[in-house]
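Notes for the one structure printed next.
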Amino acid sequence: MKHIVERFVKSTDLNDHGTLFAGQGSSWMVEAGFLSAGAAVQGNHQIVCRCIQNLEFLLPIPLGALIHMESEITAVGTTSIQVHCEACGVLDPNQIYIRSDIIFVTTDKEGNKVPHGLTAQ
Numbered sequence: 001m002k003h004i005v006e007r008f009v010k011s012t013d014l015n016d017h018g019t020l021f022a023g024q025g026s027s028w029m030v031e032a033g034f035l036s037a038g039a040a041v042q043g044n045h046q047i048v049c050r051c052i053q054n055l056e057f058l059l060p061i062p063l064g065a066l067i068h069m070e071s072e073i074t075a076v077g078t079t080s081i082q083v084h085c086e087a088c089g090v091l092d093p094n095q096i097y098i099r100s101d102i103i104f105v106t107t108d109k110e111g112n113k114v115p116h117g118l119t120a121q
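So for the sequence shown, UniProt numbering puts the first residue at 1; every next one is plus one.
The following block contains the structure:
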């Protein structure tokens with residue numbers, strides 16, 4: 001199941017070059033990925049981001065851009081969930097700005113890894 005998040009790039013989101021600050025873009029991608037992982041996990045598990053793989057900023061994102069982020073689970077392990085995320089322009093969905101694979105892990109309240117019970121589809 002795909003999850004969608006949309007964002008508007010404001011002046012507070014910019015770097016000194018006048019484009020989206022990479023830290024802000026990374027945060028938005030992790031949030032989008034978390035929605036997919038969180039929707040799939042049931043029970044009292046907590047979900048934490050373990051790794052951001054191959055985070056690529058493919059194009060500069062200017063002030064005022066409308067960003068459409070899609071995330072979808074692509075693989076599961078015993079305690080891990082891999083989510084692929086892409087951010088593109090709302091007005092031009094073929095214009096991919098950012099993409100990444102993000103690994104989340106399910107934990108108990110003490111931070112120990114616990115099985116999530118998901119199976120590959």
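Glycine included, every Cβ here is placed at the ideal spot set by N, Cα and C.
Looking at the DSSP output, V76 shares a beta bridge with I81. Beta-bridge annotation (DSSP): V48 is paired with V105.
At a Cβ-Cβ threshold of 9 Å, M69 and A39 do not count as neighbours. Fewer than three pairs of CB atoms, one per stretch, sit closer than 8 Å, so the stretch 14-26 makes no contact with the stretch 68-82.
Under the criterion of beta carbons closer than 8 Å, V114 and H3 do not qualify as touching, at roughly 23 Å. L35 carries a helical assignment under DSSP once its states are collapsed to helix, strand and coil.
Per DSSP, F21 lies in no beta strand (DSSP E) and is assigned neither H nor E.
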